[in-house]
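Residue numbers (the working numbering): 99 to 370.
Ideal Cβ positions, reconstructed from N, Cα and C, are used throughout, including at glycine.
Below you'll find the structure, written out as structure tokens, and then a few comments.
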């Protein structure tokens, strides 16, 4: 495959910690495909032991789906995209390192969805061993200043970020550093590492703001860590429909739930 990355792309990623590629630049996936695949996953009813659906209580006090994880096992087209040669070669060229798919999800950001607090991703993977990760974010719907786009602190992957709770960023550090919005059009991709400070606001609009994410790890000694990761997650932080009554999953929330608006086990809010 001919390279789509320029020296300027690589230098920007190294310096700023993220890279935005428009659909017409990367050509590895397109907006209609991402939209169809997302609609496929949204249509899946919760099933024990399969894909992992997590809810939130939206800004109106209603329960709604927040994300679905572990989707590539049940959707060959998404798996072929995330683990396909074009995607892997792009990421390996950008980083200069061999990598493997680690986790996969779709964040829905339905109307009224909450934001995601300022955080870094690395601490939620720390139980798997010391290794680096990289994220591939794909815009399914427009990501605009009005609907809570991703915000990043350029260059923060090279600084010491003060953390307050797991990977949540300390309030003083957050207020003392400038977050910039990264608007995306459907089909655009955003690549960033697990040490980059980022957050996103709520979606007060009347339209969804979905994004698909693939996370990859670089540890060559353990090339197939995805199943191990999801086995641990399902045990300690299961999706809402698999939770056992009376179990508060405190350790799971501490490890996995520090940045996203997951529903606490005791929440008793009717579904929309």
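- Boundaries of the alpha helix (DSSP H) around residue 176: 174-180.
- Between residue 264 and residue 222, the beta carbon gap of about 7 Å places them in contact (Cβ cut-off 8 Å).
- Taken in chain order, the complete beta strand (DSSP E) segments of 3 or more residues contained in the stretch 102-173 are 116-119, 150-155 and 161-167.
- Here the stretch 252-266 lies against the stretch 283-300, with 3 or more beta-carbon pairs under 8 Å apart.
- Distances from the alpha-carbon of residue 205 to those of 169, 243, 244 and 125 put 169 closest.
- Residue environment: residue 285 is assigned as buried (16 or more neighbouring CB atoms within 10 Å of its CB, all protein chains considered).
- Comparing alpha carbon positions, the residue from 217, 125, 226 and 108 closest to residue 329 is 226.
- A buried status is given to residue 245, since no fewer than 16 other beta-carbon atoms sit within 10 Å of its beta-carbon.
- Your pair residue 136 and residue 151 does not check out as a contact, with CB atoms roughly 14 Å apart and the cut at 8 Å.
- Between the alpha carbons of residue 155 and residue 111 lies a gap of roughly 35 Å.
- For residue 348, the enclosing alpha helix (DSSP H) starts and ends at 348-354.
- For the 8 Å CB-CB criterion, residue 287 and residue 124 form a contact.
- Under the three-state reduction of DSSP, residue 258 is assigned to coil, being neither helix nor strand.
- Collapsing the DSSP output to three states places residue 233 in a strand.
- Restricted to the stretch 262-286, the alpha helix (DSSP H) segments that are unbroken, complete and at least 4 residues in length are 269-273, listed in chain order.
- The beta-carbon separation of residue 103 and residue 181, rounded to 19 Å, does not stay under the 8 Å limit for a contact.
- Put simply, of 352, 358, 362 and 158 the residue whose alpha carbon is nearest the alpha carbon of residue 343 is 362.
- Secondary structure note for residue 329: its alpha helix (DSSP H) is the uninterrupted segment 324-334.
- In the DSSP assignment, residue 201 falls within the unbroken beta strand (DSSP E) covering 198-205.
- The C-alpha of residue 359 lies about 31 Å from the C-alpha of residue 193.
- Secondary structure of residue 242 (DSSP, three-state): coil.
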